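A.B. asks: Questions regarding the structure given below will be posed in turn.
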Amino acid sequence: MRRPRPEVFPPGPTEVDGGTAELLGDADRDGSWVLMVDSTPQSHVDLDEPTHLEFEYVRRMGHVLDLAAPEGEPLDVVHLGGGALTLARYVAVTRPGSRQRVVELDQRLTDLVRTHLPLPRGARVRVRAGDARAGLAALPTASADVVVSDVFAGARTPAHLTTVEYAAEARRVLRPGGVLAANVADGPPLRFARGQVATLSAVFRHVGVLAEPGTLRGRRFGNLVAVASDAELPVAALTRRCAGDPMPARVVAGDDLSRFAGNARPVHDADAAPSPEPPPGVFGR
């Protein structure tokens with residue numbers, strides 16, 4: 071059943087806490103919208119089909135969520151970074167009854183999204199305004215099955231969300247066997263991504279990376295999805311799903327991931343830096 075269109079047509083450029091936001095209709099998909107913040111695409115939402123994940127890295131995060139528990143079983147999910155609530159919508163539809171908590175710094179952005187891009191009926195999604203790390207620290211121990219970390223200030227991940235201390239906080243909030251999925255944006259020579267692998271490996275027993283081969287080889291700037299858990303990762307199932315995507319991706323884990331990380335060292339709060347600035351022309355900038 072197709073969802074009704076928003077009652078109020080999305081406005082033009084709107085000042086939010088983090089810059090200028092705009093909701094643009096997707097000419098290729100009726101009922102779909104792209105959230106832009108300062109000319110950078112932040113989210114894509116299909117109101118008629120919330121299970122459609124347009125951005126490749128978001129689709130890979132969707133695979134992680136699909137494999138976090140048996141099909142259709144409700145999950146407790148924490149989303150650090152809300153945007154247009156794309157993955158929260160996805161979980162609400164694919165896993166009815168899931169309890170989801172979103173921490174989004176930009177309250178005016180959340181208001182814009184909630185007003186003009188309504189959530190699916192029955193979605194149990196609670197959005198709180200605040201810093202992602204502070205919000206994570208306020209959550210009870212062992213209260214989530216999945217933590218999704220997808221936080222950007224402009225086009226960069228803030229430094230305090232890239233460290234061993236941050237990863238340890240995510241591990242504390244996860245239940246035994248829970249999984250962290252983090253968006254890692256980087257380009258050649260992938261120093262930041264290698265450092266993130268080393269950082270997560272210092273906290274979790276099992277770590278993997280999902281990414282398009284050209285990005286993994288350091289040929290272009292792109293989004294890598296880092297996955298971490300104290301339980302063994304479903305590498306074979308992730309590999310099958312990523313290989314079947316419109317833009318196939320590789321899954322790197324085990325010895326291959328150790329070689330990828332090389333001699334990169336874990337990042338701590340004292341020496342953290344934001345993710346690199348994307349080059350001109352990337353992400354429509």
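Positions 71 to 355 (the working numbering) are the ones given, in order, by the sequence shown.
Ideal Cβ placement from N, Cα and C applies to all residues, glycine included.
Keep in mind that this is a model prediction, so the values were computed, not measured.
Spatial neighbours of VAL195 within its chain, please: CB distance less than 7 Å, with the 5 preceding and 5 following residues excluded, ordered by chain position.
C.D. replies: Closer than 7 Å at the Cβ level, and outside the excluded window around VAL195, lie LEU155, ALA158, ALA162, GLN170, VAL172, LEU189.
A.B. asks: Flag this pair as touching only if the stretch 139-147 and the stretch 300-309 have three or more C-beta atom pairs under 8 Å; answer yes or no.
C.D. replies: Touching, no.
A.B. asks: With distance defined between alpha-carbon atoms, name the residue in LEU137, ASP341, GLY257 nearest to ARG289.
C.D. replies: Nearest of LEU137, ASP341, GLY257 to ARG289, Cα basis: GLY257.
A.B. asks: Could you give the first and the last residue of the continuous alpha helix (DSSP H) run that contains ARG159?
C.D. replies: 156-164 is the extent of the alpha helix (DSSP H) around ARG159.
A.B. asks: Over what stretch of residues does the beta strand (DSSP E) that includes SER113 continue unbroken?
C.D. replies: Element bounds for SER113: 110-116.
A.B. asks: Which of the three DSSP states is assigned to LEU308 in this structure?
C.D. replies: The answer is helix: DSSP assigns LEU308 an H, G or I state.
A.B. asks: With 16 as the cutoff for other CB atoms within 10 Å, does GLY82 come out buried or exposed?
C.D. replies: GLY82 should be labelled exposed.
A.B. asks: What does the alpha-carbon distance come out to for the pair VAL197 and TYR127?
C.D. replies: When rounded, the distance between both Cα atoms is 22 Å.
A.B. asks: Going by beta carbon distance, what residues of the same chain come within less than 6 Å of HIS338, once the five residues before and after it are set aside?
C.D. replies: Counting only Cβ-Cβ distances below 6 Å, and skipping sequence neighbours, we find THR233, VAL234.
A.B. asks: With a cut-off of 8 Å on the beta carbons, I'd call ALA372 and ALA334 a contact; round off their distance for me.
C.D. replies: Since the displayed the chain opens at 71 and closes at 355, residue 372 lies outside it and no answer follows.
A.B. asks: Unbroken beta strand (DSSP E) runs of length 3 or more, entirely within the stretch 138-213: which are they?
C.D. replies: Complete beta strand (DSSP E) runs here, min 3: 146-150, 169-174, 195-199.
A.B. asks: GLY101 and ASP116 - do their beta-carbons sit closer together than 8 Å?
C.D. replies: Against a cut-off of 8 Å, the Cβ pair of GLY101 and ASP116 comes out as a contact.
A.B. asks: Could you give the DSSP three-state label for PRO259: helix, strand or coil?
C.D. replies: Residue state, collapsed to three classes: coil.
A.B. asks: If we ignore side chains and look at the alpha-carbon of each, how far apart do SER271 and GLY324 end up?
C.D. replies: Roughly 11 Å between the two C-alpha positions.
A.B. asks: Could you tell me how far apart the beta carbons of ARG311 and HIS133 are, in whole angstroms, since I believe they sit closer than 8 Å?
C.D. replies: The Cβ separation is near 4 Å, so the contact holds.
A.B. asks: Rounded to whole angstroms, what is the Cα-Cα separation between ALA199 and ARG261?
C.D. replies: Roughly 31 Å separates the two Cα atoms.
A.B. asks: Considering just the uninterrupted stretch of the alpha helix (DSSP H) at GLU239, what are its terminal residues?
C.D. replies: GLU239 -> alpha helix (DSSP H) spans 234-243.
A.B. asks: State the Cα-Cα distance for the pair GLY192 and VAL183, rounded to the nearest angstrom.
C.D. replies: Going by the C-alpha atoms only, they are around 17 Å apart.
A.B. asks: Under a Cβ-count criterion, where at least 16 other Cβ atoms within 10 Å of its own Cβ denotes burial, should ARG129 be classed as buried or exposed?
C.D. replies: Burial call: buried.
A.B. asks: Going by Cα to Cα distance, which pick from LEU105, LEU286, ALA139, ALA252 is closest to VAL217?
C.D. replies: Residue ALA252 is the option with its Cα nearest to VAL217.
A.B. asks: Out of curiosity, what's the CA-to-CA distance linking GLY265 and MET106?
C.D. replies: Taking the straight line from one Cα to the other gives about 28 Å.
A.B. asks: Which stretch, first to last residue, makes up the alpha helix (DSSP H) that contains THR285?
C.D. replies: Start and end: 283-286.
A.B. asks: Pop quiz: PRO348 and ALA225 are said to be a contact at Cβ under 8 Å. What is the actual Cβ separation, rounded to whole angstroms?
C.D. replies: The pair is a contact, with the Cβ atoms about 5 Å apart (cut-off 8 Å).
A.B. asks: Can ASP220 and GLY151 be called in contact, C-beta distance under 8 Å?
C.D. replies: Going by C-beta atoms, ASP220 is nearer than 8 Å to GLY151.
A.B. asks: Using C-beta distances below 8 Å, list every residue in its chain close to PRO166, excluding the 5 sequence neighbours before and after it, in chain order.
C.D. replies: Closer than 8 Å at the Cβ level, and outside the excluded window around PRO166, lie GLY142, PRO144, GLY192.
A.B. asks: Can you tell me which of the three DSSP states ASP215 falls into?
C.D. replies: Correct three-state label for ASP215: strand.
A.B. asks: What does a CB cutoff of less than 6 Å around PHE330 pick up in its chain, not counting 5 residues either side in sequence?
C.D. replies: Closer than 6 Å at the Cβ level, and outside the excluded window around PHE330, lie VAL322.
A.B. asks: Could you tell me the boundaries of the alpha helix (DSSP H) in which ALA331 lies?
C.D. replies: 324-331 is the extent of the alpha helix (DSSP H) around ALA331.
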